[in-house]
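Under the UniProt record's numbering, the residues of the sequence shown are numbered 1 to 192, in order.
C-beta: ideal position from N, C-alpha, C; glycine also.
The next block holds one structure in the form of structure tokens; read it before the comments.
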Amino acid sequence: MTEEAIHQFLQMLEFHHSWKLLMHIHDDSYRGKFHISNRHGIERTYDGHVIERTYDGFQAHLSTCHAVEVINFVSSFPEIITLDELPRSSIWPSQFRAQVTKEDIGLYFFAKDVNSYDTHYSSLMNKMIKNDMALKGNLNGAELLIFPSNILPQEIQRCIPRSKGEESGFFCKENAGDERERIMVAVAAETF
């Protein structure tokens, strides 16, 4: 075995060890896929049609700061979450213009394994970060917004277990009328 092969093998063992620890610490609340349409995004086919893609291999974990509403909301997630790709600045909640705190984070999304990261997750994250994009969906009357966590304050980024990148987002539950009850739930996706 070459020195490089030994190094790669040790890295793989280290990954699997940290992954097992993570899985024992966090009980996954959701496993599924993101179906993303970029009606308003930058990509189009050569003849101008909307591009849609399904990204597999996501799992969600509740943070230590989650609200009871988050548990109920996450339990109603479908296997495939349908999202639109949009410019981040167009959907960033005004209440977070000043600063997001770690108490605002209620849920984390992770790639479920190395294969999911390599085949789906990393390409989605790279595209979102490179093009300053976000994802938006509507689930059971609640708005789900997902942002790359690289835009969060440094002190929050340090609290998120890291490896290659994450994404985060917020849920907004709609009330009767025009007001929205903001459930302060950030969704940060961890990659491995």
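Is DSSP giving residue i helix, strand or coil here?
i    : result
I105 : strand
E166 : Note on E166: pLDDT 49, under 50, position unreliable in the model; no value is reported.
F96  : helix
F110 : strand
S90  : helix
Could you give the distance in angstroms between the alpha-carbon of residue i and the alpha-carbon of residue j?
i           : j    : result
residue 267 : E69  : Since the first residue shown for the chain is 1 and the last is 192, residue 267 is missing from the structure and cannot be characterised.
F34         : Y108 : 14 Å
G165        : N131 : Reliability of the predicted coordinates at G165 is poor, the pLDDT of 44 falling under 50, and no value is obtained from them.
Q95         : P87  : 18 Å
T82         : I36  : 6 Å
G141        : W92  : 19 Å
V74         : I80  : 13 Å
A60         : D84  : 19 Å
S116        : L62  : 20 Å
M128        : F147 : 8 Å
G137        : S89  : 16 Å
D113        : I151 : 24 Å
N126        : N72  : 31 Å
R53         : E143 : 20 Å
I51         : I105 : 30 Å
S149        : F110 : 12 Å
P78         : M133 : 23 Å
L145        : S122 : 19 Å
S76         : N38  : 24 Å
D118        : L135 : 20 Å
Do residue i and residue j have their CB atoms nearer than 8 Å?
i    : j   : result
H120 : G57 : yes
L124 : Y55 : yes
Kindly indicate the opening and closing residues of the alpha helix (DSSP H) around residue i.
i    : result
N138 : Careful: N138 lies outside any alpha helix (DSSP H), inside the beta strand (DSSP E) at M133 to L139.
R150 : The residue you asked about is not Arg; residue 150 is Asn in the sequence shown. From DSSP, N150 is part of no alpha helix (DSSP H); its letter is neither H nor E.
S75  : V68 to S75
Please name the residue or residues paired with residue i in a DSSP beta bridge.
i   : result
S37 : E52 and D84
Y30 : A60
Please tell me whether, using a cut-off of 7 Å, the distance from the CB of residue i to the nearest non-hydrogen atom of the ligand FMN is below it.
i   : result
Q95 : Of ligands this structure carries none, so the ligand FMN is not represented either.
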